[in-house]
Amino acid sequence: MDKKIIVITGASGTGKTTISKYLKDTYHIPSVITHTTRLPREGEKNGVDYYFETKNSFLKNHYLEKVEYSGNWYGSSEESLKKTWEKFDAASIVVDTAGAISYKKKYGKNAVVIFLEVDFETVTDRLKQRGDETKRLLSRINSDEFKRDLQIPRELVGKCYKISNKNLENTKENVNKVLKLEKIK
């Protein structure tokens, strides 16, 4: 069987991490641990939620994609994906749309891209609820990256699954359909 990477993308607050957790809890599909220079949020652990890096240590990895977002670096390394594939046939990863394009280009049919979308009002409510401070929230929703990630990039049109995540139960059903279509689990 081919190894698969389920690439979950969309703007901040669309539920990417929630869906990644659903895949892990329901199908035992682990998420590839990504790297960041941002500080951990309450309850996050190094090597579990992210590899929390300094700016110097961040630059020492081999990245499939990396991006600076709201003053912090984020990236996914080839080493982390290969380590996950040694133990599992499928893994998930949460990335922005630029990262999703990189994965699709590199892995083709083995990269199953799920684009999550939610209306702007719901996204801003979710970001407030998760504790982002107002200044950071405004900076984030006004960033070019956030605006870019609100829609499917042309490079992924016809090459990804678009799921509206207004209702979590419906979203889970749609994710189940994608896994069945892609013969994952």
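Mapping of the sequence shown onto the UniProt record's numbering: position 73 corresponds to residue 73, and the numbering continues sequentially without gaps. In this text, a Cβ means the ideal position worked out from N, Cα and C, and glycines have one as well.
Between the beta-carbon of residue i and the beta-carbon of residue j, is there less than 7 Å?
i           : j           : result
residue 32  : residue 98  : no
residue 111 : residue 5   : yes
residue 196 : residue 185 : Residue 196 cannot be examined here, being either before or after the span of the chain that is shown, 1 to 185.
Have a look at residue i and residue j and give me their C-alpha separation to the nearest angstrom.
i           : j           : result
residue 81  : residue 173 : 26 Å
residue 152 : residue 10  : 8 Å
residue 106 : residue 14  : 25 Å
residue 183 : residue 2   : 10 Å
residue 54  : residue 157 : 35 Å
residue 148 : residue 8   : 15 Å
residue 170 : residue 181 : 17 Å
residue 89  : residue 126 : 32 Å
residue 16  : residue 130 : 13 Å
residue 79  : residue 72  : 21 Å
residue 25  : residue 76  : 22 Å
residue 108 : residue 38  : 30 Å
residue 116 : residue 34  : 19 Å
Which term fits residue i, buried or exposed, when burial requires 16 or more other beta carbons within 10 angstroms of its beta carbon?
i           : result
residue 56  : exposed
residue 66  : buried
residue 120 : exposed
residue 94  : buried
residue 123 : buried
residue 165 : buried
residue 96  : buried
residue 177 : exposed
residue 86  : exposed
residue 48  : exposed
For residue i, write down the residues that DSSP places opposite it in a beta bridge.
i           : result
residue 65  : 76
residue 4   : 90
residue 100 : The partner list for residue 100 (beta bridge, DSSP) is empty, contrary to what the question assumes.
residue 46  : 50
residue 114 : 8 and 161
residue 36  : 52 and 74
residue 31  : 92
Can you give me the Cβ contacts of residue i inside the same chain, cut-off strictly under 8 Å, excluding the 5 residues immediately before and after it?
i           : result
residue 175 : 19, 22, 23, 114 and 163
Excluding sequence positions up to five away, which residues of its chain have a Cβ less than 6 Å from the Cβ of residue i?
i           : result
residue 74  : 36 and 67
residue 155 : 101
residue 40  : 52
residue 179 : 185
residue 83  : none
residue 46  : 52
Short of 7 Å in beta carbon distance, which residues of its chain neighbour residue i, apart from the five on each side in sequence? Order them along the chain.
i          : result
residue 70 : 136, 139, 140 and 143
residue 42 : none
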